[in-house]
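Note that my numbering has the sequence shown beginning at 1474, numbered continuously upward.
For glycine and all other residues, C-beta sits at the position ideal for the given N, C-alpha and C.
Predicted, not measured: the structure shown is a model, and the values here were computed from it.
Encoded as structure tokens, the structure appears first; notes follow it.
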Amino acid sequence: MSNLPTEFAMLALAPQLIAAQRPFALATVIRVSAPSSTVVGAQAIIEADGTLHGWVGGGCAKAVVVQAAQQAIVAGLPRRIRISNDGALADADADVEQHAMPCASNGTLELFIQPVVPAPLLVVLGATPAAAEARVLGQRMGLRVSALADSQSDLATLELLQPAFVLIVTQGEGDEAALDAALRSPCPAVLLIASPRKAAQLRERMQLQGIAEDRLAVLQAPAGPYLHARTPAEVALGAIAAVVALRRTTEAVVPVVAAPAYVNPVCGMAVDPATAKHVIAFGGMSHYFCCDGCKLRFEDAPDKYLAIARGVPA
């Protein structure tokens, strides 16, 4: 892949990330106002850790694009962002997320960011009819589904799979071993199909076996709402409804790398270049301000405030 042109190498990476179930975002430049180092149609792939492949502009805009892409990955929703110091543009289009242009050139860059996030993995433990129904319903809900039996060798693979949800549908066939393995894994959500009485008994057994309270807190038992279920399909329906509810109300934690802070030379406040209200180019550098007052004071005596920022007595 290293011999391919940059844009082809970048696009060839996308199917590799998808196959590896690694989240990323595709950023596409959809508008440019000179001066700018990029063009409409330029693209980049940004991974969840902030690694950027491709080209959508110079270093000034990179921190803003990476941060916006990581936030899109967390939310799982596309977004449009504009990097500009043109206040008129901001007022004209409230639907676009506005960011200050850190570059002294004061160009404008607009991008569409599309996150590509793998569906969360649901592991269904058990070989019961309700477990089979749960696997089918989970797939219909757009989840990746893995089925494990309750043998010790299968349960030992839970940690390697790193599921988002474990649903225990053993129903009397290895309940305790399955629950113990699920709670000892790092899975953030464990659901157990059982009656309230049986669920309480299993909780007590887990406490006696040394399961910590913070792990017991991730257990939802009984799983799902009470549906007066009679058939295996109805039993599975309530549990999968609970999984869907957890999926939609719990955001995956993705590290977000903040844009580098700039110290306002007037008031000493740390300012994020991506969201600064005012940017002034002076002395070959961009300077960022939190409010109109700081901006005006700097414009009146820039050398004075830059000397103070450097620790030189005024």
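By the three-class DSSP mapping on this structure, what secondary structure does V1730 have? Here residue 1730 refers to the residue found at position 257 when the sequence shown is read from its first residue. Residue confidence is low: V1730 scores 42 on pLDDT, short of 50, so the model does not pin down where it sits. Its coordinate-derived value is still stated next. Residue state, collapsed to three classes: coil.
Is it true that the segment 1579–1588 meets the segment 1599–1607, where meeting means three or more beta-carbon pairs spaced less than 8 angstroms apart? no
Residues that DSSP places opposite V1752 in a beta bridge: For the purposes of this step, residue 1752 is taken as residue 279 along the sequence shown, with counting starting at 1. In the DSSP output, where bridge partners are listed per residue, V1752 has Y1761.
Over what stretch of residues does the alpha helix (DSSP H) that includes E1646 continue unbroken? Reading the sequence shown from its first residue, position 173 is the one you call residue 1646. Segment: none, E1646 is in no alpha helix (DSSP H) and carries neither H nor E.
Distance, V1597 Cα to R1617 Cα: If you number the sequence shown from 1, residue 1617 lands on position 144. If you number the sequence shown from 1, residue 1597 lands on position 124. Going by the C-alpha atoms only, they are around 11 angstroms apart.
Tell me which residue opens and which closes the beta strand (DSSP E) that Q1674 is part of. Within the sequence shown, residue 1674 is the residue found at index 201, counting from 1. It is not in any beta strand (DSSP E) - Q1674 instead sits in the alpha helix (DSSP H) that spans 1669–1681.
Taking the straight line between their C-alpha atoms, what separation do you get for A1774 and P1551? What you label residue 1774 is simply residue 301 of the sequence shown in a count that begins at 1. What you label residue 1551 is simply residue 78 of the sequence shown in a count that begins at 1. Whole-angstrom Cα-Cα distance: 43 angstroms.
Between the segment 1687–1697 and the segment 1585–1593, do at least 3 Cβ pairs fall closer than 8 angstroms? no
Run the CB neighbour count on S1668, radius 10 Å, all protein chains shown included, and call it buried at 16 or more, exposed below. Within the sequence shown, residue 1668 is the residue found at index 195, counting from 1. With fewer than 16 other Cβ atoms within 10 Å, it is exposed.
Below 8 angstroms, can you find three or more Cβ-Cβ pairs linking the segment 1634–1644 to the segment 1504–1518? no
Classify E1606 as buried or exposed, calling it buried when 16 or more other Cβ atoms lie within 10 Å of its own Cβ. In the sequence shown, counting from the first residue as 1, residue 1606 sits at position 133. Under this definition E1606 is a buried residue.
Mapping the DSSP letters down to three states, classify P1488 as helix, strand or coil. Walking along the sequence shown from the start, residue 1488 turns up at place 15. It is helical.
Buried or exposed by the 16-neighbour rule on C-beta atoms within 10 Å, applied to D1765: Along the sequence shown, one-based indexing puts residue 1765 at 292. By the 10 Å Cβ count, D1765 comes out exposed.
Looking only at its chain, what residues have a beta carbon closer than 8 angstroms to the beta carbon of A1743, apart from the 5 residues adjacent to it on each side? As a first step, residue 1743 must be located in the sequence shown, where it is residue number 270. These residues qualify, in order along the chain: A1734, Y1735, V1736, N1737.
On the DSSP bridge assignment, give the partners of T1581 in chain order. Locating residue 1581 in the sequence shown gives position 108, counting from the first residue. Per DSSP, S1506.
Just how far apart, CA to CA, sit L1656 and I1684? The sequence position of residue 1656 within the sequence shown is 183, counting from 1. The sequence position of residue 1684 within the sequence shown is 211, counting from 1. If you take the alpha carbons of L1656 and I1684, they lie about 7 angstroms apart.
Distance between M1758 and Q1612 (C-alpha atoms, nearest Å): The residue given as residue 1612 occupies position 139 in the sequence shown. The residue given as residue 1758 occupies position 285 in the sequence shown. Roughly 54 angstroms separates the two Cα atoms.
Residue range of the beta strand (DSSP E) that includes L1799: This structure leaves residue 1799 out entirely; the chain is present only between 1474 and 1787.
Do A1482 and V1538 count as a contact pair if the criterion is CB distance below 8 angstroms? As a working mapping, residue 1538 is identified with position 65 in the sequence shown. As a working mapping, residue 1482 is identified with position 9 in the sequence shown. In this structure, A1482 does not lie closer than 8 angstroms to V1538 by Cβ.
Report buried or exposed for A1416, applying the criterion of at least 16 other Cβ atoms within 10 angstroms of its Cβ. Nothing about residue 1416 can be reported from this structure: the residues present for the chain run from 1474 to 1787 only.
Nearest-angstrom Cα separation, counted from V1739 out to R1770: Within the sequence shown, residue 1770 is the residue found at index 297, counting from 1. Within the sequence shown, residue 1739 is the residue found at index 266, counting from 1. Each residue's alpha carbon lies about 7 angstroms from the other.
Select from A1498, L1610, H1751 the residue whose C-alpha is nearest the C-alpha of G1711. Within the sequence shown, numbered from 1, the residue matching residue 1711 stands at position 238. Comparing Cα-Cα distances from G1711 to each of A1498, L1610, H1751, the minimum goes to L1610.
Rounded C-alpha distance that separates F1762 from I1753: Counting from one through the sequence shown, the residue named residue 1762 turns up at place 289. Counting from one through the sequence shown, the residue named residue 1753 turns up at place 280. Whole-angstrom Cα-Cα distance: 8 angstroms.
Which of helix, strand or coil does DSSP assign to T1524? Position 51 of the sequence shown, counted from the first residue, corresponds to residue 1524. DSSP places T1524 in coil when its eight states are reduced to three.
The alpha helix (DSSP H) that contains L1633, what's its start and end? Locating residue 1633 in the sequence shown gives position 160, counting from the first residue. Run containing L1633: 1631–1634, per the alpha helix (DSSP H) assignment.
E1704 by DSSP, collapsed to three states: which one? Here residue 1704 refers to the residue found at position 231 of the sequence shown. The identity of residue 1704 in the sequence shown is Thr, whereas the question assumes Glu. DSSP places T1704 in coil when its eight states are reduced to three.
What is the rounded straight-line gap between the Cα of A1780 and the Cα of G1756? Looking up residue 1780 in the sequence shown gives position 307. Looking up residue 1756 in the sequence shown gives position 283. The alpha-carbon atoms of A1780 and G1756 are separated by roughly 12 angstroms.
List the endpoints of the continuous alpha helix (DSSP H) containing L1550. As a position in the sequence shown, residue 1550 is number 77, starting the count at 1. Note, L1550: premise wrong, no alpha helix (DSSP H); not H, not E.
Ignore the nearest five residues each way along the sequence and tell me which others in F1497's own chain have a CB closer than 6 angstroms to its CB. Working through the sequence shown from its first residue, we reach residue 1497 at position 24. Excluding positions up to five away in sequence, the list reads L1490, I1518, E1520, V1589.
Which residue's Cα is closest to the Cα of G1523: V1502, A1545, E1707? As a working note, residue 1523 is residue 50 in the sequence shown. Nearest of V1502, A1545, E1707 to G1523, Cα basis: A1545.
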